[in-house]
Structure formats: structure tokens, C-alpha cells
Amino acid sequence: MAIVYEKSKGLTDVEMHYCPGCTHGVIHKLVAETLVELDVLGDTVGVAPVGCAVFCYDYFNCDMHEAAHGRAPAVATGIKRVLPDNVVFTYQGDGDLAAIGTAEIVHAAMRGEKITTIFVNNAVYGMTGGQMAPTTLVGQKATTAPMGRSFEHYGSPIQMAEMLSTLGGAAYIERVSVTTPAQIARAKRAIKKAFEIQIQGLGFTMIEVLSTCPTNWGMTPVEALGWLNENMIPAFPLGVFRDVTKREA
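Residue numbers (numbering that gives the first Met the number 0): 0 to 248.
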């Protein structure tokens with residue numbers, strides 16, 4: 000029988016722990032396929048975060064390193080500088096990257112570190128029980144904001160892609176989603192381009208992926224996909240925010 004589809008060799012056979020409907024698994028698949036297609040899997044080092052994806056070192060079939068909460072860009076910087084010919088990436092959630100790790104990601108982008116960051120934004124602290132995150136939408140409920148996020152008290156959600164795109168060391172910044180087949184295909188192209196630009200040595204690259212969290216949002220997986228499209232995309236518009244290859248062209 001002809002095989003029409005099989006799991007990427009960029010993933011291990013370990014069963015993932017993510018909640019039903021969570022799109023971390025889809026994003027893992029896209030990263031893994033990209034590393035295989037670029038023929039760099041054996042020369043790649045990934046850095047795992049603290050958060051829902053804390054165990055991603057069990058899932059990616061490449062060398063992996065665990066970092067303290069928010070410090071993945073700093074760890075990745077050290078790895079890349081010691082092993083400049085290797086492909087190095089971080090895989091981080093919004094609590095890890097946009098809260099405790101804000102300084103690390105900002106300065107890595109500012110310095111133009113030749114690493115790639117996969118930033119998974121689900122607008123909530125997922126692993127610890129659904130607390131309000133830096134990316135929680137105004138009006139969105141969380142365990143620490145049961146009446147909804149108030150702009151007067153907490154300000155507006157931080158838009159990391161827009162902010163990092165203003166830094167000179169950023170080479171490629173794009174925000175994508177994975178709620179439809181078309182969006183998944185677009186996300187795959189963005190992730191692949193980010194790694195290609197790293198390989199070319201052009202600077203820091205980050206792909207922000209809007210993701211669902213049905214468990215902490217209190218929704219079914221299908222409802223969560225619809226909520227993301229209707230609420231998160233207007234607050235976090237999809238698109239390319241910086242691309243030095245276009246500027247150089």
C-alpha cells in the first residue's frame with residue numbers, strides 16, 4: 000500500500016501532552032517538517048521554554064536545551080555564538096516570551112542574533128491555570144481578571160511582532176495563524192523563510208503564531224478556532240512586519 004502521509008522525521012514518537020484542540024501540535028509539525036525539508040535537522044539546536052511547551056524537548060527530533068523561564072533567547076544566543084554553523088531556534092509562549100522574558104527577546108532582536116524564535120500566542124497563561132497574560136485581550140476573562148481585562152487597570156495587550164519589527168537587528172518578523180488549512184500553509188511558508196534567513200546569516204527572525212487554548216478559554220476546540228478568528232486576529236493582525244530580503248531587493 001502506498002504511503003500518502005506519515006509523521007515528520009523531525010518529530011519523535013513520544014506522545015504529546017497538550018490538551019485536546021490545542022494547536023501546539025500543529026505548530027510542532029510545521030517546525031519539524033521545515034527542518035527536514037531544509038536538511039538541517041541534524042545540525043539544529045532548539046531551546047525549550049517554561050510553560051505549556053516545556054516538554055517540547057521530548058518531541059523535536061533534534062538536539063534540545065531547556066532554559067529558565069523567559070531566558071530562551073539568552074540561552075540560544077550563547078549556543079549560536081559557540082556553534083555559529085548550527086541552526087538555533089527557541090519555542091516560546093506569550094507568558095514566557097512577552098512577560099518574564101521581554102528583556103531577553105528585545106535585546107536578542109536588537110543585537111540581530113542569528114536565531115529564530117517561534118512565538119506561540121494564545122493570549123493566556125496556559126500551563127498555570129489561565130491567568131491574564133501580557134497578550135490577553137481587553138475584555139477577555141481570565142482567572143486573575145474574572146470580569147475581563149480592563150484597559151484602565153492593565154493597559155492594552157502587547158503586540159510583540161510590531162514592537163520587535165522596529166529594531167534594527169530584526170531581519171524577518173511575521174504573524175500567522177493555524178486555524179484553517181490555508182492559514183496553516185501560510186504559517187509553514189513563514190516558518191521556512193525565517194529559518195532560511197537565519198541560515199543566510201541576515202539577523203534575528205521571529206514568527207508569531209496565534210494559537211488556541213480551549214481548556215482555559217472554556218470552549219470546545221471548534222469554538223476556540225472561531226473565537227481566535229473573530230477576536231484575536233483583529234487585535235493581532237496577520238502579516239509581515241519586517242523583511243530585510245525585500246528591502247535589499
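Ideal Cβ placement from N, Cα and C applies to all residues, glycine included.
Whole angstroms is fine: what's the gap from residue i's alpha carbon to residue j's?
i: Ala160; j: Gly94; result: 15 Å
i: Leu163; j: Ala144; result: 27 Å
i: Ser149; j: Pro72; result: 30 Å
i: Gly125; j: His68; result: 14 Å
i: Asn85; j: Asn228; result: 36 Å
i: Thr135; j: Ala122; result: 4 Å
i: Ile157; j: Gln199; result: 30 Å
i: Ala96; j: Glu222; result: For the sequence presented, residue 96 should be read as Leu rather than Ala. Cα to Cα, Leu96 sits roughly 26 Å from Glu222.
i: Pro133; j: Ala141; result: 12 Å
i: Gln197; j: Asp38; result: 14 Å
i: Arg70; j: Lys6; result: 30 Å
i: Ala31; j: Leu10; result: 6 Å
i: Thr204; j: Tyr58; result: 22 Å
i: Val35; j: Tyr153; result: 42 Å
i: Lys113; j: Ile206; result: 14 Å
i: Ala98; j: Gly77; result: 21 Å
i: Arg80; j: Lys245; result: 26 Å
i: Ile2; j: Ala184; result: 21 Å
i: Gln91; j: Leu29; result: 15 Å
Should residue i go down as buried or exposed, given a rule of 16 or more other Cβ atoms within 10 Å for buried?
i: Gly202; result: buried
i: His23; result: buried
i: Pro236; result: exposed
i: Ala248; result: Unreliable positioning characterises Ala248 in this predicted model, as indicated by a pLDDT of 45, which lies under 50. The coordinate reading is nonetheless provided below. Looking at its Cβ environment, which holds fewer than 16 other Cβ atoms inside 10 Å, Ala248 is exposed.
i: Asp12; result: exposed
i: Glu151; result: exposed
i: Lys8; result: exposed
i: Tyr4; result: exposed
i: Ala170; result: buried
i: Asp242; result: buried
i: Gly50; result: buried
i: Thr219; result: exposed
i: Glu14; result: exposed
On the premise that residue j lies in contact with residue i, defined as a C-beta separation below 8 Å, what is that separation, rounded to the nearest angstrom?
i: Gly100; j: Arg174; result: With 8 Å as the limit, Gly100 and Arg174 do not qualify as a contact, their Cβ atoms being about 18 Å apart.
i: Gly128; j: Gly168; result: About 35 Å separates the two Cβ atoms, so there is no contact after all.
i: Ala75; j: Leu166; result: Between Leu166 and Ala75 the Cβ distance is about 16 Å, and since that is not below 8 Å, they are no contact.
i: Val137; j: Ile26; result: That belief does not hold up - the Cβ atoms of Val137 and Ile26 are roughly 25 Å apart, past 8 Å.
i: Val44; j: Val87; result: 5 Å
Cβ of residue i within 9 Å of Cβ of residue j?
i: Val60; j: Gln139; result: Checking the sequence, you will find Asn at residue 60 rather than Val. No, Cβ-Cβ distance for Asn60 and Gln139 is not below 9 Å.
i: Phe240; j: Ile172; result: yes
i: Leu214; j: Cys18; result: The question names Leu, but residue 214 in the sequence shown is Thr. In this structure, Cys18 lies closer than 9 Å to Thr214 by Cβ.
i: His64; j: Ala47; result: yes
i: Ala186; j: Thr115; result: no
i: Gly20; j: Thr211; result: yes
Would the C-beta of residue i count as close to the ligand ZN, meaning under 8 Å from any of its heavy atoms?
i: Arg70; result: The ligand content of the structure shown is nil, which means the ligand ZN is not present either.
(message) Please give me, in chain order, every unbroken run of the beta strand (DSSP E) with length at least 3 that falls completely inside the stretch 80–166.
(response) For the stretch 80–166, whole beta strand (DSSP E) runs of length 3 or above, ordered along the chain, are 86–92 and 115–120.
(message) Going residue by residue through the stretch 185–227, where are the continuous alpha helix (DSSP H) segments of at least 4 residues, counting only ones entirely within it?
(response) The alpha helix (DSSP H) runs of length 4 or more contained entirely in the stretch 185–227 are, from start to end of the chain, 213–216 and 220–226.
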